[in-house]
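Heads up, the thing below is written out as structure tokens.
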Amino acid sequence: MEELVTLPASVDAVTELLAAYNYVCERQLATALFLSLKLQRPLFLEGAPGVGKTELAKTLAQALNTQLLRVQCYEGLDVAQTAYEWNVARQMIEIRLAEAAHAVGREQLVRDLYSRQMLIERPLLQALTQTRSPVLLIDELDRADEPFDAFLLEVLAENQLTIPEYGTVVATAPPITLITSNRTREIHDALRRRCLYHWVGYPSAELELDIVRLKAPGAPERLYRQVVAFVQRMRTLDLYKAPGVAETIDWTRALLALNSQQLDPAGVQDTLGVLLKHQDDIAKMQAGGTLQLLDALRAEASS
Amino acid sequence: MIAQSIVHFARLLRSAGMAIGPDRVLVALAAVEQVGVLRRDDVRAALCAAMLERHEQQSLFDEAFDAFWGDPQQLAQSLSPLARPCVGKARRPAYGQRLAEALRAAGKAPVDDGAVAGRPLDGRFTASEAERLRRADFESMSTTEYEWAKTLAEQVPLPIAPVRRRRHQIAIQGRQGGRIDLRATLMRMARQPHTLQPVFSRPREEPPSLVVLLDISASMERYSRLMLHYVHGLMRRALKVHTLTFGTRLTNITRCLRERDPDVALRLADAQVPDWNGGTRIASALHAFNRLWAPRLLGGNAAVLLITDGLDRDPNGDLPAEAARLRRFAHQLVWLNPLLRFDGFEARASGVRALLPHVDRFLPVHNLDSLADLGTALRKPLRSPRSYLN
């Protein structure tokens, strides 16, 4: 029987629920998530890497106390790896057994060969056959190629999957679907219009401060403030890849591990690799960018 | 009524160029019903989630939202049955060109989506003294040209090499190697019992998606129309093509060229690009491309087709570094150079010498006067790009 997942009743309830599991987010994201749960529509999250898109799905599964089914996308991903696969080895054995027994008619044999027991379930099919609504995370969809988008349409819109040899599998408990993309490719409009859309941007300074405090506990308050102010300023620079929230958290942890009490030029230079992942960006910061930023922060703090 | 206001709002967005179908309006209605109308930011967030399709639409949406629903205090009022949406009354000149037009047109019949979508998203650019912003004036295609463009697009070999995909296709009898496709083999066995004939599959090879960077500066004046026709032809060839033009600034004209009719497509592109026949800043253009577009367009082994004469007049750009960077982003970098009047081409210009070491293929096109010439040039065998440097 279908077990119901208790869904939060309002936007505030969503915010509280996520916060209870150490995920703080802007109200707009909470609203989009709330609607996706209420209207039973997939939520399409786009944004730069490291802003907490995948983390949201993980936290949601935890908070709703349900299973997380994850499809990590890459080029050439096909039905056999994401939805279902026929257990061909077993089918071969069935054929041999039927031949040996001489008893089963051909029609019956074909029916047996393509029965439910012969199907190996992969995440998409699993998501439709659970008794309790799972969280289905389709991660980094932009990394898959376009034929895969088209394949997802049926699952996303109808919560069902058609297997040519078998028939249509309709979801017993509709999954809560989240799709993430880093926008390395434009996802087709047909897929977008079946989803609710939300762009996950970099958080405001206050929000980022809350996140860092939660995720990297144990540092002095002054360090948190300096780190967040530094990163926020860094995002305004002309960099190939601005640091995301994940980098801010990593950096704070790195500084903690080095026993830093506050930001100093040498400490920042040594740990730049945690924040920036492009050599050009690091070179730019080392060639004076760091000092300028720190000076600006100091001036701001003293004023 | 809330419902009526939302429908009006959707119509406003639609006439501003966003593709919002009735299905989205229905979702928006359901969304607002769920979050309630007590908080303005919730209503905005709900409409965003339901109506937006991509991040670029956000600014247009925000302006439209503020214009349509007026002040925060007026929200409750405008949602009440008595109030009418305040279309057209607000501070019109401050909005984007398209939105202003949409507001003006509100109440009239909805504008044709296709034509509107082609207009620039950011209609407000300011002309600076350093740039010469001009419009090109394309004459429409003659019948012969049209025929040639078709041939060019359908028959002439592509300037890019195919890439091997991870996806498999059926191979003929394992002759081309590959692996056994068990599922297909079993299906065949079910159809023909007592036989076991393995079905093989092998990786599919196909042309990669293509990003065209087209130089439209003054020195390329003779060729820009021709090249646009060529690119438009490529787009009709079931190829995934993104097109950006650059002179003094970088403009994405992919959506304009999606129009099937070449003349209409070129007219749309003409309206979108502000810097026809001006100066060239190749280094800055490549820098902007590397920063803004490369991460989005060059996934999945995409190839870059750079169409330029390599005559750079960029005082403060670092062309070798930007070209090297582009080479690292792209799976292959092909340079099509139309400014080669004579067969004995020598790489003298500094821009040409900076670009050549970083391209995988170099396609010099001599005496390019028509699409037919381009076809001939593309059929010729290739010389290594580096051989031109000696």
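Chains as they are written, first to last, in my numbering: chain A, 933 to 1235; chain B, 19 to 408. In this text, a Cβ means the ideal position worked out from N, Cα and C, and glycines have one as well.
- Query: Count the other CB atoms within 10 Å of the CB of T1063/A; is the residue buried (16 or more) or exposed (fewer)?
  - Reply: Position 131 of the first sequence, counting from 1, holds the residue named residue 1063/A. Answer is exposed; the Cβ neighbour count stays below 16.
- Item | Option in A1215/A, Q1158/A, A1059/A, Q1224/A with minimal Cα separation from S1192/A | Taking the first residue of the first sequence as 1, we reach residue 1192/A at position 260. Looking at the Cα atoms, Q1158/A is the closest of the given residues.
- Query: CA-CA distance, P1197/A and A236/B?
  - Reply: If you number the first sequence from 1, residue 1197/A lands on position 265. If you number the second sequence from 1, residue 236/B lands on position 218. Roughly 48 Å between the two C-alpha positions.
- With a threshold of 16 other CB atoms inside 10 Å of the CB of R397/B, please say whether the residue is buried or exposed. Here residue 397/B is taken as the residue at index 379 of the second sequence, counted from 1. By the 10 Å Cβ count, R397/B comes out exposed.
- Task: Could you check how far apart the C-beta atoms of L47/B and I38/B are, in whole angstroms? I think they sit under 8 Å.
- Result: Translated into the one-based positions of the second sequence, residue 47/B becomes position 29. Translated into the one-based positions of the second sequence, residue 38/B becomes position 20. At roughly 12 Å, the Cβ-Cβ gap does not stay under 8 Å, so L47/B and I38/B are not in contact.
- Listed from N- to C-terminal order along the chain, which residues in the region 993–1026 of chain A have their beta-carbon within a distance smaller than 9 Å of any beta-carbon of chain B? Y1006, E1007, G1008, L1009, D1010, A1012, E1017, W1018, V1020, A1021, Q1023, M1024
- Message: Ignoring anything shorter than 3 residues, give me the beta strand (DSSP E) runs that lie fully in the region 241–311 of chain B, in order along the chain.
- Response: 259–264, 268–270
- Task: Identify every residue that forms a DSSP beta bridge with S219/B.
- Result: As a first step, residue 219/B is located in the second sequence; it is residue number 201 there, counting from the start. Note: S219/B sits in a beta bridge opposite I188/B, R197/B.
- Inter-stretch contact (C-beta, 8 Å, three-pair minimum) for the region 956–971 of chain A and the region 1026–1046 of chain A: no
- Query: Given that H73/B touches chain A, what residues does it touch there, using C-beta distances under 9 Å?
  - Reply: Counting from one through the second sequence, the residue named residue 73/B turns up at place 55. Correct list: E978, G979, R1115, Y1129, W1131, G1133.
- Message: Determine whether the beta carbon atoms of L1085/A and L1068/A lie at a separation below 9 Å.
- Response: Walking along the first sequence from the start, residue 1085/A turns up at place 153. Walking along the first sequence from the start, residue 1068/A turns up at place 136. Their beta carbons are not under 9 Å apart, which means L1085/A does not touch L1068/A by this criterion.
- Under 8 Å Cβ-Cβ, which residues of chain A neighbour Q76/B? In the second sequence, counting from the first residue as 1, residue 76/B sits at position 58. Going along chain A in sequence order, the residues near Q76/B (Cβ under 8 Å) are W1131.
- Message: Just verifying my parser: in three-state terms, what is the DSSP assignment at P1193/A?
- Response: The residue given as residue 1193/A occupies position 261 in the first sequence. Checking the sequence, you will find Gln at residue 1193/A rather than Pro. Three-state DSSP puts Q1193/A in coil, outside helix and strand.
- Task: For my contact list, G982/A and V1132/A are in at a C-beta cut-off of 8 Å; report their separation, rounded to the angstrom.
- Result: Within the first sequence, numbered from 1, the residue matching residue 982/A stands at position 50. Within the first sequence, numbered from 1, the residue matching residue 1132/A stands at position 200. That pair is no contact at about 10 Å.
- For D1213/A and L1171/A, believed in contact at Cβ under 8 Å, the rounded distance: Here the question's residue 1171/A lines up with position 239 in the first sequence. Here the question's residue 1213/A lines up with position 281 in the first sequence. Confirmed, Cβ separation roughly 5 Å.
- Query: Considering only residues of the same chain and omitting the five flanking positions on each side of R255/B, which have a CB-CB separation below 6 Å?
  - Reply: As a position in the second sequence, residue 255/B is number 237, starting the count at 1. Correct list, in chain order: A171.
- Item | Boundaries of the beta strand (DSSP E) in which E1053/A is found, first to last residue | Here residue 1053/A refers to the residue found at position 121 when the first sequence is read from its first residue. From DSSP, the beta strand (DSSP E) with E1053/A extends over 1051–1053.
- Work out the CA separation of G393/B and A339/B for me, nearest whole Å. Here residue 339/B refers to the residue found at position 321 when the second sequence is read from its first residue. Here residue 393/B refers to the residue found at position 375 when the second sequence is read from its first residue. Cα to Cα, the separation comes out at about 32 Å.
- Query: By the criterion of Cβ-Cβ separation under 7 Å, what are the contact partners of D964/A in chain B?
  - Reply: Start at 1 with the first residue of the first sequence, and residue 964/A comes out as number 32. Just to set this straight, residue 964/A is Ala in the shown sequence, not Asp. Those within 7 Å of A964/A in chain B are A63, A67.
- Message: Residues in the same chain with beta-carbon distance under 7 Å from A964/A, minus the five sequence neighbours each way, listed in chain order, please.
- Response: Mapped onto the first sequence, residue 964/A falls at position 32. Cβ within range, chain order: L975, L1128, H1130.
- Cα separation between N1114/A and S33/B? As a first step, residue 1114/A is located in the first sequence; it is residue number 182 there, counting from the start. As a first step, residue 33/B is located in the second sequence; it is residue number 15 there, counting from the start. Looking at the two C-alpha atoms, the distance is approximately 29 Å.
- State the start and end residues of the unbroken beta strand (DSSP E) segment that holds T169/B. For the purposes of this step, residue 169/B is identified with residue 151 of the second sequence, where counting begins at 1. Run containing T169/B: none in the beta strand (DSSP E); it sits in the alpha helix (DSSP H), 161–172.
- By how many angstroms is the C-alpha of H260/B removed from the C-alpha of R276/B? Translated into the one-based positions of the second sequence, residue 276/B becomes position 258. Translated into the one-based positions of the second sequence, residue 260/B becomes position 242. R276/B and H260/B: Cα-Cα distance of roughly 10 Å.
- CB contact below 9 Å: P216/B versus chain A: Position 198 of the second sequence, counted from the first residue, corresponds to residue 216/B. Answer no: the Cβ-Cβ gap between P216/B and chain A never drops below 9 Å.
- Endpoints, alpha helix (DSSP H) assigned at S890/A: Not covered by the structure: residue 890/A. The range shown for chain A is 933 to 1235.
- From which residue to which residue does the beta strand (DSSP E) around I1108/A run? For the purposes of this step, residue 1108/A is taken as the residue at position 176 of the first sequence. Note, I1108/A: beta strand (DSSP E), 1108–1113.
- Task: Could you give the DSSP three-state label for R1125/A: helix, strand or coil?
- Result: The residue you call residue 1125/A lines up with position 193 of the first sequence. Note: R1125/A maps to coil in three-state DSSP.
- Going by DSSP, which residues form a beta bridge with F380/B? Here residue 380/B is taken as the residue at index 362 of the second sequence, counted from 1. According to DSSP, which records beta bridges pairwise, F380/B is partnered with W353/B.
- Task: Reducing DSSP to helix, strand and coil, say where V105/B ends up.
- Result: As a position in the second sequence, residue 105/B is number 87, starting the count at 1. Below a pLDDT of 50, predicted positions are generally treated as unreliable, and V105/B, at 41, falls in that range; no measurement from the model is reported.
- Query: Which of the residues in the region 949–960 of chain A, read from start to end, lie with their CB under 7 Å from any CB of chain B?
  - Reply: R959, Q960
- Burial state of P399/B (16 or more Cβ within 10 Å): Taking the second sequence and counting its residues from 1, one reaches residue 399/B at position 381. Burial call: exposed.
- To the nearest angstrom, report how far apart R1002/A and A993/A are at their CA atoms. For the purposes of this step, residue 1002/A is taken as the residue at position 70 of the first sequence. For the purposes of this step, residue 993/A is taken as the residue at position 61 of the first sequence. Cα to Cα, the separation comes out at about 11 Å.
- DSSP-derived helix/strand/coil call for V1132/A: Taking the first residue of the first sequence as 1, we reach residue 1132/A at position 200. Residue state, collapsed to three classes: strand.
- Query: Based on Cα-Cα distance, which residue from A67/B, T298/B, L304/B lies nearest to A341/B?
  - Reply: Your numbering for residue 341/B matches position 323 in the second sequence. Selected option, being the one with the closest Cα: L304/B.
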